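Let me begin by presenting the structure, written as structure tokens, before commenting on it.
Number of protein chains: 2
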Amino acid sequence: MANDVHEQDAGMRVVHLLRAITVELDRIGEGFAARHALHPTDVRALICLLDAARTGAPATPGILGAHLGLNSAGTTAVIDRLERLGHVRRERDTQDRRRVLLKVDESAVALGWSFFGPLIHEIVAVMGRFDAADQATVERFLGDVNEAVARQRTGRG
Amino acid sequence: MANDVHEQDAGMRVVHLLRAITVELDRIGEGFAARHALHPTDVRALICLLDAARTGAPATPGILGAHLGLNSAGTTAVIDRLERLGHVRRERDTQDRRRVLLKVDESAVALGWSFFGPLIHEIVAVMGRFDAADQATVERFLGDVNEAVARQRTGRG
DNA sequence: GACAATATCTCGCTCAGCGAGATTATTGAT
DNA sequence: ATCAATAATCTCGCTGAGCGAGATATTGTC
């Protein structure tokens with residue numbers, strides 16, 4: 279990916295670290311999925327639904343499908359799987375009876391915490407070993423990288 | 279995932295930033311796959327093979343399959359797809375004739391650069407806007423996070 | 001009320017990846 | 001040298017995730 283002249287550069291080392299972290303997080307997700315009879319897509323769906331529940335945003339099959347990049351048939355299948363496992367239930371929206379509202383069960387919330395809890399704790403602990411000024415530096419850097427990466431995606435794909 | 283009392287915390291904001299970056303990078307990978315008639319798994323395989331080519335490490339179906347978490351049948355299928363597209367070719371290892379060495383074509387290297395090049399450039403540019411001390415802080419933080427995340431994975435699954 | 005738009009679901013299909021086992025090459029023991 | 005055990009890869013048949021097309025029900029518009 280880089281010839282070894284550039285490997286010396288701090289920028290390149292950081293790129294590789296970010297990639298390594300991404301790979302590790304993906305693998306944790308896969309491992310979690312495998313241990314709970316879920317597919318990686320189901321885990322992503324759960325994350326999306328838990329986020330919606332946390333922020334109070336409405337969750338519907340349409341919104342979920344758009345977020346996951348699935349068509350309506352695939353989205354129905356994901357929800358069927360999660361419903362079969364008792365993590366989610368469908369409720370007709372009384373305002374607009376075409377729509378279905380997706381409600382996550384308490385078991386799914388607990389599952390989410392069992393997954394993210396230790397991970398969050400670890401990262402917060404790492405952060406705690408830095409002083410306030412360095413924490414601000416890290417936060418600013420990650421914010422900038424996030425913007426840059428998002429710009430790359432929306433710009434090219 | 280977090281109740282909103284903790285949202286204020288710099289640690290939690292950093293956790294969310296890391297997650298956002300991970301999601302964005304995954305989406306870029308998916309977009310790249312879709313635009314080149316590849317599956318996400320094929321992209322991961324290409325990355326693995328390009329890394330091996332770059333570091334001079336030998337690449338075989340067995341190593342690739344282990345890296346991707348596929349069994350031998352699935353690994354054969356991935357290599358078949360990449361070979362059909364001309365990105366990879368199989369060569370019998372003359373030392374141990376049970377083994378097949380996977381050689382990436384120049385077109386695959388070019389493809390990899392077209393994917394990672396702009397992304398790397400963007401992140402290096404972000405890094406360049408920080409002074410040397412702050413770059414060192416960022417690098418140390420990411421290294422620690424990487425270790426912590428890797429420890430999480432190997433410790434729990 | 002007729003009609004286009006919207007949200008979801010059903011049906012049939014393709015193909016990624018799995019399990020089981022076949023094939024070929026290597027290694028080690030006798 | 002011979003032969004069993006091991007290793008690396010591939011083949012075959014199957015399951016199931018996700019897609020395209022279209023069916024169904026609800027809403028807003030004229």
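Chain order of the listed sequences is A and B.
Remember, the working numbering sits 278 above the position in the first sequence when you count from 1.
Remember, the working numbering sits 278 above the position in the second sequence when you count from 1.
Ideal Cβ positions, reconstructed from N, Cα and C, are used throughout, including at glycine.
The structure displayed is predicted, hence computed values, not measured ones.
> Does any residue of chain B bring its CB to less than 9 Å from the CB of Ala344/A?
Replying inline: no
> Taking all protein chains shown into account, do 16 or more other C-beta atoms lie within 10 angstroms of the C-beta of Glu400/A, making it buried, or fewer, making it exposed?
Replying inline: buried
> At a CB-CB cut-off below 8 Å, which residues of chain B make contact with Glu308/A?
Replying inline: Gly347
> Helix, strand or coil for Arg367/B per DSSP?
Replying inline: strand
> Should Ala344/A be labelled buried (16 or more other beta-carbon atoms within 10 Å of its own) or exposed?
Replying inline: exposed
>> Less than 9 Å between the C-beta atoms of Val402/A and Met290/B, yes or no?
In response: yes
> Excluding sequence positions up to five away, which residues of its chain have a Cβ less than 8 Å from the Cβ of Asp383/A?
Replying inline: Gly364, His365, Val366 and Arg367
> If the cut is a Cβ gap below 8 Å, which residues of chain A does Ala323/B touch?
Replying inline: Simply none; closest approach about 13 Å.
> Quick one: is Gly406/A near chain B, going by C-beta distance under 9 Å?
Replying inline: yes
> Mind pulling the chain B residues with CB within less than 9 Å of Leu397/A?
Replying inline: Val293, Ala426, Val427 and Gln430
>> Run through the DSSP bridge pairs and tell me what Val292/B is partnered with.
In response: According to DSSP, Val292/B bridges with nothing at all.
> What is the rounded straight-line gap between the Cα of Ala323/B and the Cα of His294/B?
Replying inline: 28 Å
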